[in-house]
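There are 2 protein chains.
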Amino acid sequence: MDDQRIAILAHEMFPDRAKTALGVMRYGDQEVAAVLDRETAGTRVHDHLVESDAATIDDAPIAATFDDALELAGGPGDDGIDALLIGIAPIGGGLDDSWRADIRAAIEAGCDVIAGLHSFLNEDEEFATLAAEHGVDLVDVRDPHEGLGVAEGRAGEVDADVVCTVGTDCSVGKMTATMEIVAAARDRGIDAAVIPTGQTGILIEGWGNPIDRVISDFTAGAVEEMILEKGDEHDLLVVEGQGSIVHPAYSAVTCGILHGSMPDALVLCHAAGREAVHGYESFELPAIPEYVDLYESLSAPVADADVVAGALNTKDVADDETARAAVADLEDGIRAPATDPVRFGAEAIVDAIESEVLEG
Amino acid sequence: MDDQRIAILAHEMFPDRAKTALGVMRYGDQEVAAVLDRETAGTRVHDHLVESDAATIDDAPIAATFDDALELAGGPGDDGIDALLIGIAPIGGGLDDSWRADIRAAIEAGCDVIAGLHSFLNEDEEFATLAAEHGVDLVDVRDPHEGLGVAEGRAGEVDADVVCTVGTDCSVGKMTATMEIVAAARDRGIDAAVIPTGQTGILIEGWGNPIDRVISDFTAGAVEEMILEKGDEHDLLVVEGQGSIVHPAYSAVTCGILHGSMPDALVLCHAAGREAVHGYESFELPAIPEYVDLYESLSAPVADADVVAGALNTKDVADDETARAAVADLEDGIRAPATDPVRFGAEAIVDAIESEVLEG
């Protein structure tokens with residue numbers, strides 16, 4: 005998926021609730037020609053980004069419809085737009101009917117459509133027929149490949165050290181932390197790679213098993229498969245975690261990733277100020293030390309892994325000083341170094357991984 | 005699936021490794037006309053059963069092939085055999101090629117075929133074509149219904165008290181404990197029901213979601229759906245657990261069932277003498293108190309549930325005295341009453357559920 009020129013659909017959610025869009029813009033190789041958001045159409049991407057993001061994400065126009073985006077970008081094809089990427093994922097992962105006109109327009113313009121939804125574009129009769137007529141591809145990155153199976157408990161055999169990001173909740177920045185840790189490790193010459201487990205990670209990396217969409221019995225097995233595939237090619241694998249181990253809906257996926265990856269160490273990811281489960285507000289989050297105990301004791305019988313560092317998402321914290329205080333609180337809770345890898349860089353985490361894991 | 009006359013395929017595995025076959029024979033309403041096991045063909049079911057099973061399971065002939073079974077049972081149809089049930093499930097859940105001749109013979113004789121395998125009969129071209137020709141049904145009980153989704157965290161809202169069986173490993177007797185607890189509770193006049201989560205439970209109860217076969221993101225949701233459906237019709241729901249929370253391959257399913265059912269109490273199931281994960285012998289089982297801590301601390305943020313009783317599978321223990329000593333050890337480990345529900349009855353568990361949950 006390198007070097008494509010894409011439009012990213014993020015209606016009414018850009019940028020704060022458009023996790024996939026923002027992830028691809030930050031870390032993907034694709035060139036973003038336009039964003040579709042009918043609410044902020046007429047503005048530009050940089051009008052909505054915090055400083056740290058604006059420094060790394062290219063600016064692009066925001067359009068109300070795919071046809072408008074096409075006009076702004078100079079038409080379909082190599083100099084304009086190659087593909088439409090669905091950059092938002094509602095709870096449940098369904099396709100919103102209000103996006104259909106844009107998807108039709110993209111197909112009719114000869115552009116591929118790429119999505120990571122639970123409902124597959126290829127199983128949508130209208131889109132499948134239209135795509136065949138226009139000779140374009142519908143790419144469902146959340147459609148697992150055939151041939152997955154149950155884990156054999158073998159991920160611990162690989163040469164690479166394996167670090168797993170784990171979270172206090174969904175949407176606390178596990179994917180972002182994973183990307184930042186690998187980038188910072190590479191900057192110091194460590195041969196590190198991402199093990200992508202979710203749609204955004206897969207869209208960025210161009211490969212990976214969509215762990216939340218596999219048969220539940222194969223959850224750990226689908227992670228193990230990736231570890232075994234990459235584990236002898238690199239020195240450090242950082243596994244993109246999902247959900248949280250106490251999430252009322254998603255803990256199964258979290259647990260399967262933890263045991264399937266058989267990690268050597270864990271990085272606990274948290275969002276500053278988060279007190280209840282996102283979207284399940286009647287469930288309070290446990291205290292940070294409880295998460296450390298839970299993740300470590302749950303991991304221990306399968307793989308001995310300690311929480312060696314923390315990643316705090318402080319995007320909703322106004323100033324650096326307050327953010328630093330919040331990072332210090334997380335450090336107290338986990339009794340290990342922490343940072344906001346976006347705001348302050350991932351150095352502190354990579355330091356901990358080097359001393360506790362790579363040299364350990 | 006009531007009142008069917010079935011043959012049960014259990015080649016080379018009856019009875020000790022034929023968990024599904026034995027479960028259906030013990031607890032199902034189906035009448036078993038014959039068992040297929042080419043290794044013990046010519047003997048009878050009662051030749052292989054322990055005393056407690058022989059008292060509750062009807063005797064039947066064991067045949068080498070479906071055609072032999074048909075002859076022994078008096079032909080197909082209401083007075084002979086209505087259906088062939090696949091009563092064994094290899095690791096991975098695939099269909100063994102050596103079973104195909106029996107499945108073909110059953111279809112050609114006009115019998116339905118019922119299976120709980122990961123690979124579906126209905127997706128097997130040969131069987132699907134043959135079944136259509138002969139007007140018989142291929143029933144894949146592990147094929148989840150459409151319309152499952154992510155959990156909403158609502159299982160705690162139902163009127164019924166919910167007890168979840170949890171295990172130290174696979175194949176320790178969680179399904180059996182569930183059936184025995186519900187039967188013993190009903191004997192005392194408690195309006196209790198099973199929430200089946202695996203193929204055997206579903207075959208016995210005639211309904212249920214195959215939790216290990218749903219999309220991993222929907223694991224908890226598929227349990228929650230069943231709790232919400234039955235939770236206002238009964239006073240006690242006993243959820244059939246799966247796997248173990250420290251299983252290298254299956255912990256995701258275990259975790260999803262725990263959080264999706266939002267239990268009021270847990271019953272810890274263990275097999276006497278088990279020291280390593282079944283089929284994954286390099287992984288030692290943690291000590292019993294560690295399981296109690298893990299299950300309770302993992303449950304707490306979603307639903308406050310203590311381990312109130314233990315169920316010990318002592319089928320490999322020769323005499324009652326040794327079995328009682330093993331039960332006492334489990335009681336020490338969990339600091340709560342325990343029993344082998346098959347060998348000694350489930351009374352001690354139902355006592356604990358009554359005092360700790362129903363009257364609690």
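Those protein sequences? They're chains U and X, same order as listed.
For the first sequence, my numbering begins at 5 and goes up steadily by one.
For the second sequence, my numbering begins at 5 and goes up steadily by one.
Cβ coordinates follow ideal geometry from the N, Cα and C atoms, glycine included.
Because the structure is a prediction, the values reported are computed rather than measured.
8 Å or more divides the Cβ of U/I249 from the Cβ of U/Y284. Within the stretch 54-132 of chain X, the alpha helix (DSSP H) runs of at least 4 residues that lie entirely inside it are, in chain order, 55-60, 70-77 and 104-112.
Under DSSP, U/N317 takes part in a beta bridge, and its partners are U/A275.
Taking all protein chains shown into account, X/I95 has fewer than 16 neighbouring C-beta atoms within 10 Å of its C-beta and is therefore exposed.
When Cβ pairs closer than 8 Å are counted between the two stretches, the stretch 149-156 of chain X is seen to touch the stretch 207-219 of chain X, the count reaching three or more.
The Cβ atoms of X/I107 and X/F131 sit closer than 8 Å to each other. The beta-bridge partner set that DSSP reports for X/Y284 consists of X/V281. At a cut-off of 8 Å between beta-carbon atoms, X/F124 makes no contact with chain U. Taken through DSSP and simplified to helix, strand or coil, X/V154 comes out as coil. Going by C-alpha positions, U/T44 is about 14 Å away from U/I12. Between X/G171 and X/T223, the gap from beta carbon to beta carbon reaches 8 Å or more. Beyond the five residues adjoining it in sequence on each side, U/A356 comes within less than 6 Å, by CB distance, of V312, A313 and P341 in the same chain, given in chain order.
Nearest in C-alpha terms to X/D308, of all of X/C115, X/A196 and X/D268, is X/D268. CA-CA distance, X/L99 to X/I90, rounds to 9 Å. The distance from the Cβ of X/I206 to that of X/V145 is about 5 Å, consistent with a contact at the 8 Å cut-off. The beta carbon of U/M29 is closer than 6 Å to those of V36 and I61 in its chain, skipping five residues each way along the sequence. When C-beta atoms of the stretch 236-244 of chain U are compared with those of the stretch 190-199 of chain U, three or more pairs fall below 8 Å, so the two segments count as touching. The beta carbon of X/V49 sits closer than 7 Å to the beta carbons of V39, I61, D63, A64 and I66 from its chain, once the five residues preceding and following it are set aside; these are given in chain order. Under DSSP, U/G171 shares a beta bridge with U/C273. At a cut-off of 8 Å between beta-carbon atoms, U/P200 makes no contact with chain X. For the stretch 208-222 of chain U, the set of residues with a beta-carbon nearer than 7 Å to any beta-carbon of chain X comprises I215, D216, R217, V218, I219, S220 and D221, in chain order.
In this structure, the beta-carbon distance from U/D344 to U/N317 falls below 8 Å. Only residues of its own chain outside the window of five on either side were considered, and among them A11, L40, L88, D106, A109 and A110 have a CB closer than 7 Å to the CB of X/F70, listed in chain order. Within the stretch 321-355 of chain U, there are no complete beta strand (DSSP E) runs of at least 3 residues. At a C-beta separation below 9 Å, U/L270 has no neighbours in chain X, since its nearest C-beta there lies roughly 16 Å away.
Around the C-beta of U/T326, fewer than 16 other C-beta atoms lie within 10 Å, and the residue is accordingly described as exposed. Only buried fits U/A164, as 16 or more other CB atoms lie within 10 angstroms of its CB. At a cut-off of 8 Å between beta carbons, U/V250 contacts chain X. Where X/I185 is concerned, there is no enclosing beta strand (DSSP E), although the alpha helix (DSSP H) around it starts and stops at K178 to D191.
For X/I90, not one C-beta of chain U is nearer than 8 Å to its own C-beta. For the C-beta of X/A155, the chain U residues within less than 7 Å are, from N- to C-terminus, P252 and A253. In its chain, beyond the 5 residues on either side, H50 have a beta carbon closer than 6 Å to the beta carbon of X/A58.
Annotation: U/A25 is outside any beta strand (DSSP E); the continuous alpha helix (DSSP H) that includes it extends over K23 to Y31.
Secondary structure note for X/V198: its beta strand (DSSP E) is the uninterrupted segment A196 to I199. Just measuring C-alpha positions, the residue of U/K234, U/G114 and U/D7 sitting nearest U/G212 is U/K234.
The residues P341 and T343, in chain order, have a CB closer than 6 Å to that of U/A352 in the same chain once the five nearest residues on each side in sequence are set aside.
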